[in-house]
Amino acid sequence: MLCLGIETSCDETALALIENGKILNEVLASQATLHSVFGGVVPELASREHLRSIGALFDELMAISGKQPENISRIAVARGPGLLGSLLVGGSFAKALALTLAIPIIAVNHLHAHLLACGINNSLKFPALGLVASGGHTHIYRINSPSDMILLGRSLDDACGEAFDKIGNFLGFPYPAGKFIDECAQKGDPNSFSLPLPYLDNANLDFSFSGLKTAAVSTFTEKGIHSDHSHFETPEELNNFCASFNEVIAKVLEKKISRALESNNDVKSLWFAGGVAANTIIRKRLAHLAKNKGLSFLAPDFQHCTDNAAMIAYTGWLLASEDLATKLDFEIIPRGKRIPEDLVHIQ
Ligand code: KG4
Ligand code: ZN
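All the letters of the sequence shown, read from the start, carry residue numbers 15 to 361 under this note's numbering.
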């Protein structure tokens, strides 16, 4: 089975082909440079760029794969959460192509796809506990199967990646800042700056990272540091701050995942996905936690942690293997709205 995946939920236009569960080819047009000037994604610019790129990317994918559109048997598309205008570009392109080729379409939950990307290079074991930590979400799921995921906890305000990006912006790093903080953190001392561990003094599995920036800024002010990393007295001090900040996030994620594992003690593995899963320190810590609990630890390779179309195509392939698809009149769901469970069985 040849499944095309389309991803346009934020600022990456991406297409990929999965053939019988294996990546055949993938193409991506990133808008990072365009948006970095504004310090974040500008929705109108993002949808315009998707519209500009998607047709040419599809032609490029067909050319490099040596396949014809008629060889495609399923189309999987990210239907949300994400930016409405951006999702509509991918969704409309996918619907038009499915109609033209007269093949089934599968509307994929972008967050589920982040987690299922763990299966691209590993074999998936169910049930599992999954953490997806990205620029827009910090969600903990119990995963019973590709089509049965139960949300156990989520970010109530800023997402985990957003916390990295906001602090990074304050430190003078370009957007998205997570990878720069990660690089500096690896060279620093995590115990050098004292920062609070947010939203742990409760019994739930939700997260709140919005207070962390205020706490960090007052720490800077106390030390007489201004909002530009050139004002740190030494590069070591910048590294130390990044290490301390990274440590706080790692500890919070670790604690909530441990708590989730206590009430889901039948799971076989721990999955970690989304842009923040590329973080060296957090990845090691969660792998260690899984090992201590006797669980296997799955995370996508680095290029499939951030937004990509292989995860959408792979999810489409998994769902198609269960004979599932979506009706052609499915709706695009922007961030903040519940994604309906409207997969239908086909022959
Ligand atoms: O999954 P993703 O590409 O897009 C969304 O769906 O949001 O995640 C992007 C987020 C950004 O906030 C970025 O700063 C963060 O992932 N990120 C990282 C690292 N690489 C990307 N955060 C921490 N450490 C990293 N190495
Ligand atoms: Zn994402």
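Idealized CB from N, CA, C, for every residue including glycine.
Remember, predicted model here, so these are calculated numbers, not experimental data.
Check: residue i C-beta below 8 Å from any heavy atom of the ligand ZN
i: glycine 149; result: yes
i: threonine 320; result: yes
i: leucine 125; result: yes
i: histidine 128; result: yes
i: glycine 289; result: yes
Beta carbon of residue i nearer than 9 Å to that of residue j
i: leucine 284; j: leucine 252; result: no
i: phenylalanine 223; j: isoleucine 263; result: yes
i: aspartate 321; j: glutamate 21; result: yes
i: glycine 19; j: tyrosine 189; result: no
i: cysteine 24; j: glycine 330; result: no
i: isoleucine 68; j: phenylalanine 107; result: yes
i: alanine 291; j: aspartate 203; result: no
i: glycine 363; j: asparagine 293; result: Look at the range of the chain in this structure, 15 to 361, and you will see that residue 363 is not part of it.
i: leucine 166; j: tyrosine 155; result: yes
i: valine 103; j: threonine 47; result: no
i: phenylalanine 140; j: leucine 111; result: no
i: alanine 287; j: leucine 129; result: yes
i: glycine 80; j: arginine 349; result: no
i: isoleucine 295; j: alanine 199; result: yes
i: valine 266; j: leucine 211; result: yes
i: alanine 365; j: lysine 282; result: The structure shown does not extend to residue 365, since the chain spans only 15 to 361, so no value can be given for it.
i: isoleucine 120; j: lysine 109; result: no
Simplified DSSP assignment, three categories, for residue i
i: glycine 225; result: helix
i: tyrosine 328; result: helix
i: arginine 93; result: strand
i: asparagine 158; result: strand
i: isoleucine 120; result: strand
i: alanine 43; result: strand
i: lysine 201; result: coil
i: leucine 143; result: strand
i: glutamate 336; result: coil
i: glycine 167; result: strand
i: threonine 235; result: helix
i: lysine 36; result: strand
i: valine 266; result: helix
i: glycine 175; result: helix
i: phenylalanine 311; result: strand
i: valine 358; result: strand
i: histidine 151; result: coil
i: cysteine 132; result: helix
i: aspartate 353; result: The residue asked about is misnamed: residue 353 is isoleucine in this sequence, not aspartate. Coil at isoleucine 353, not helix or strand.
i: leucine 31; result: strand
i: cysteine 24; result: coil
i: glycine 182; result: helix
i: cysteine 17; result: strand
i: alanine 191; result: coil
i: alanine 323; result: coil
i: alanine 217; result: coil
Nearest-angstrom Cα separation, counted from residue j out to residue i
i: glutamate 40; j: leucine 31; result: 6 Å
i: histidine 126; j: glutamate 247; result: 43 Å
i: isoleucine 360; j: isoleucine 346; result: 21 Å
i: alanine 116; j: glutamate 74; result: 22 Å
i: leucine 333; j: cysteine 174; result: 28 Å
i: alanine 92; j: proline 83; result: 19 Å
i: alanine 324; j: leucine 338; result: 18 Å
i: serine 159; j: glutamate 33; result: 20 Å
i: glycine 35; j: leucine 101; result: 24 Å
i: alanine 230; j: leucine 209; result: 7 Å
i: histidine 49; j: isoleucine 181; result: 17 Å
i: isoleucine 157; j: cysteine 132; result: 12 Å
i: asparagine 205; j: glycine 144; result: 28 Å
i: serine 161; j: isoleucine 353; result: 13 Å
i: arginine 168; j: arginine 299; result: 20 Å
i: alanine 43; j: lysine 201; result: 32 Å
i: asparagine 218; j: glycine 150; result: 20 Å
i: aspartate 356; j: threonine 340; result: 7 Å
i: asparagine 278; j: leucine 97; result: 32 Å
i: isoleucine 164; j: histidine 153; result: 10 Å
i: glycine 308; j: arginine 297; result: 17 Å
Short CB-CB distance (under 9 Å) between residue i and chain D
i: glutamate 63; result: This model lacks chain D altogether; it includes just one protein chain.
Proximity test, residue i beta-carbon vs the ligand KG4 heavy atom, cut-off 8 Å
i: cysteine 24; result: yes
i: lysine 193; result: yes
i: valine 91; result: no
i: threonine 235; result: no
i: aspartate 172; result: no
i: glutamate 74; result: no
i: alanine 292; result: yes
i: glutamate 355; result: no
i: isoleucine 296; result: yes
i: phenylalanine 344; result: no
i: phenylalanine 178; result: yes
i: aspartate 196; result: yes
(Q) What ranges does the alpha helix (DSSP H) occupy inside the segment 279-309, keeping only unbroken runs of at least 4 residues that lie completely in it? (A) 294-306
Q. At what residue ranges does the segment 54-87 contain a whole run of the alpha helix (DSSP H), taking only runs of 4 or more?
A. 57-79
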